[in-house]
Amino acid sequence: MARHLRNRSLSDDPFAIMMRPPPDETPQAKQARLEQEAQAKERSERIDEQIKRDREAMQQAQPYQRKLLLLGQAESGKTTTLKQFQLMQSASAFSAQRNSYRALIYLNVLNSVRRILDAIALPDDPTENALSDSSSSSSFSSSSYGDYRNRQYPPHLATLALRLRPLLHIHSLLEKQLQGPLTDSPAQPTPQSSAPRWLRRTGSAMSSGDEHSEVTVHAWSSWSERFAPGARSSTAESITMDWNSRDDPGRIFTACAEDLLTLWEDQTVRRALAKQRPRIRESPGFFMDDLARITARGYMPTEDDILRARIKTVGVQEHRLKFERGPDSGLEWRICGFLVGWLAWKLTLAIVDVGGARNQRLRWAAYFQDVNAIIFLAPISPFDQTLAEDHRMNRVKDSLLLWQEICRNKVLEKVPIVLFLNKIDLLKAKLAAGVQFRKYMTSYQGPNESAPVAEFLRLKFDEVYRASCSPGKRTLYIHQTSVVDSRTTQKIIGNVREQIMRDALAAVGLY
Numbered sequence: 000m001a002r003h004l005r006n007r008s009l010s011d012d013p014f015a016i017m018m019r020p021p022p023d024e025t026p027q028a029k030q031a032r033l034e035q036e037a038q039a040k041e042r043s044e045r046i047d048e049q050i051k052r053d054r055e056a057m058q059q060a061q062p063y064q065r066k067l068l069l070l071g072q073a074e075s076g077k078t079t080t081l082k083q084f085q086l087m088q089s090a091s092a093f094s095a096q097r098n099s100y101r102a103l104i105y106l107n108v109l110n111s112v113r114r115i116l117d118a119i120a121l122p123d124d125p126t127e128n129a130l131s132d133s134s135s136s137s138s139f140s141s142s143s144y145g146d147y148r149n150r151q152y153p154p155h156l157a158t159l160a161l162r163l164r165p166l167l168h169i170h171s172l173l174e175k176q177l178q179g180p181l182t183d184s185p186a187q188p189t190p191q192s193s194a195p196r197w198l199r200r201t202g203s204a205m206s207s208g209d210e211h212s213e214v215t216v217h218a219w220s221s222w223s224e225r226f227a228p229g230a231r232s233s234t235a236e237s238i239t240m241d242w243n244s245r246d247d248p249g250r251i252f253t254a255c256a257e258d259l260l261t262l263w264e265d266q267t268v269r270r271a272l273a274k275q276r277p278r279i280r281e282s283p284g285f286f287m288d289d290l291a292r293i294t295a296r297g298y299m300p301t302e303d304d305i306l307r308a309r310i311k312t313v314g315v316q317e318h319r320l321k322f323e324r325g326p327d328s329g330l331e332w333r334i335c336g337f338l339v340g341w342l343a344w345k346l347t348l349a350i351v352d353v354g355g356a357r358n359q360r361l362r363w364a365a366y367f368q369d370v371n372a373i374i375f376l377a378p379i380s381p382f383d384q385t386l387a388e389d390h391r392m393n394r395v396k397d398s399l400l401l402w403q404e405i406c407r408n409k410v411l412e413k414v415p416i417v418l419f420l421n422k423i424d425l426l427k428a429k430l431a432a433g434v435q436f437r438k439y440m441t442s443y444q445g446p447n448e449s450a451p452v453a454e455f456l457r458l459k460f461d462e463v464y465r466a467s468c469s470p471g472k473r474t475l476y477i478h479q480t481s482v483v484d485s486r487t488t489q490k491i492i493g494n495v496r497e498q499i500m501r502d503a504l505a506a507v508g509l510y
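So in numbering that gives the first Met the number 0, the last one in the sequence shown is 510, and the numbering has no gaps at all.
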């Protein structure tokens with residue numbers, strides 16, 4: 000029986016049948032087939048040889064590699080921390096991208112404007128009071144993407160909202176350009192007009208119809224290149240970020256500067272926003288207090304602006320950096336996938352920035368192998384907020400649970416951890432505004448002041464760490480941070496980097 004099956008496999012094997020030459024093959028066709036097979040074999044052998052060389056190179060480099068993992072929930076400050084690494088090693092890290100970040104900052108401003116218009120809109124039912132309860136657990140509601148043309152506003156703001164419609168049309172164009180083309184098909188050109196491209200269809204400005212609450216881009220996508228001078232757009236209505244171009248959206252921001260300031264400073268607006276949760280000033284990408292500067296003619300983002308700019312990313316980020324200052328001047332950091340290399344020293348620091356939303360955390364395990372250090376970011380200001388994906392879960396409690404999972408992970412049990420208790424600046428502002436910490440953390444009995452509250456949270460995280468880890472197996476460093484503050488954050492990062500360097504040199508017997 001076995002012999003019969005074996006004989007059948009030789010004669011009836013589907014792969015052998017597929018590879019068998021056709022019975023009516025001509026000599027010319029046979030010669031062409033044999034040449035193609037030889038070329039395919041040669042190409043396959045070259046690929047195998049390259050894979051072998053790459054594997055050997057990785058094995059040789061492994062003793063000199065150091066991988067740093069950035070972990071934390073969504074909006075914890077991971078991407079901003081990565082930006083700080085870039086700025087610390089290269090003063091011009093974002094010089095070529097300032098125009099692209101200007102587009103992102105404009106989008107952040109318009110997100111705030113849409114939120115304001117949502118807060119002050121009069122309800123369809125006149126018996127309801129639109130301004131009585133504007134609380135929300137997220138920065139945007141589904142109505143933010145509705146038809147703004149049909150909205151009703153308080154009389155003294157109605158004309159103002161009408162004049163801001165061209166800006167809101169830019170919002171939809173910026174989002175589309177950030178996300179990139181959905182298909183590879185080229186866009187059809189539009190007829191020429193005397194008006195800028197982004198004003199040629201103002202009539203449809205207020206009905207984007209988007210169902211999501213925030214634009215998301217993949218970390219591996221080159222979103223900043225879509226706004227670079229000379230970049231080709233896949234859409235007929237594209238944004239040109241060039242102050243010398245009549246299509247630059249900064250021109251209409253400048254024209255609407257007074258209206259934007261009037262809207263932001265209006266007392267009706269302030270009362271409506273005061274009832275929202277989270278407060279608008281606590282939201283990532285908040286620039287409304289800088290409107291006079293951002294709407295000025297010729298505005299270009301500062302380093303602080305770039306650090307504060309918000310874009311939701313998923314996936315692993317990729318960068319290449321050239322050292323321009325400090326003791327490593329002249330060396331190159333390469334982030335390829337998640338690898339950063341000091342090529343001159345043959346030492347690689349891998350910085351892995353992975354998404355923090357709950358639906359992305361299952362992917363973290365893929366990056367846990369060969370990790371040499373972890374920076375865990377725990378935002379401590381949102382103690383009165385819940386997760387966007389689970390409105391029953393307090394954000395600080397979620398960070399504690401996530402922290403517990405990382406501390407208990409057997410793969411990481413010997414990996415040193417640097418804990419950033421982040422957003423200390425927002426915590427101070429929130430407590431100073433009168434938000435009661437003990438209302439949300441009932442075990443806290445101290446004064447409603449930032450220092451004792453931060454110490455209480457530090458002890459909470461330290462308690463989880465000690466209960467989850469075997470003593471002596473790893474080192475824990477805890478810092479209170481505001482990662483948008485370059486001076487203090489880069490000092491902390493410098494200390495972290497020096498520790499990683501010492502460990503790397505010690506691993507090869509040089510320290």
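Glycine residues also receive a C-beta, built at the ideal position from the N, C-alpha and C atoms.
These numbers were taken from a predicted model, which means no experiment stands behind them.
With a contact defined as Cβ atoms closer than 8 Å, residue 120 and residue 152 qualify at about 6 Å. Secondary structure at residue 40: helix, using DSSP grouped into helix, strand and coil. In this model, residue 311 and residue 271 are separated by some 26 Å (Cα to Cα).
Positions of the alpha helix (DSSP H) runs, each at least 4 residues long and wholly inside the region 269–308, are given as 290–293, 302–307 in order along the chain.
Cβ-Cβ separation between residue 81 and residue 485: approximately 13 Å, too far for a contact (criterion under 8 Å). In this structure, DSSP gives residue 238 a state outside helix and strand, which the three-state scheme calls coil.
For residue 119, no beta strand (DSSP E) encloses it; the enclosing alpha helix (DSSP H) starts and ends at 97–119. As the crow flies, the alpha-carbon of residue 376 is around 34 Å from that of residue 53. In this structure, residue 472 places its C-beta atom within 8 Å of the C-beta atom of residue 412. Nearest to residue 113 by C-alpha distance, out of 161, 307, 32, is 161.
The Cβ-Cβ distance between residue 461 and residue 72 does not fall below 8 Å. Listed in chain order, the non-local C-beta contacts of residue 389 below 6 Å within the same chain number zero, local neighbours out to five positions each way being set aside. Within the same chain, Cβ atoms closer than 6 Å to the Cβ of residue 281 are found at 425, the five residues on either side in sequence being excluded. Residue pairing by DSSP puts residue 476 in a beta bridge opposite 417.
Cβ-Cβ distances below 7 Å link residue 96 to 223 in the same chain, with the five nearest sequence neighbours on each side left out; the list follows chain order. Assigned with DSSP and collapsed to three states, residue 379 falls in coil, not helix or strand.
Taking 8 Å as the upper bound for CB-CB distance, residue 258 and residue 163 are in contact here, some 6 Å apart. For residue 258, the enclosing alpha helix (DSSP H) covers residues 256–264.
DSSP places residue 72 outside both helix and strand once states are collapsed to three, so it counts as coil. Contact between residue 285 and residue 293 is ruled out by a C-beta separation of about 12 Å, above the 8 Å threshold. Annotated three-state conformation of residue 312 is strand, per DSSP.
Nearest neighbour of residue 370 by Cα position, chosen from 414, 394, 116, turns out to be 414. DSSP places residue 386 outside both helix and strand once states are collapsed to three, so it counts as coil.
According to the DSSP assignment, residue 457 belongs to the alpha helix (DSSP H) that extends over 449–467.
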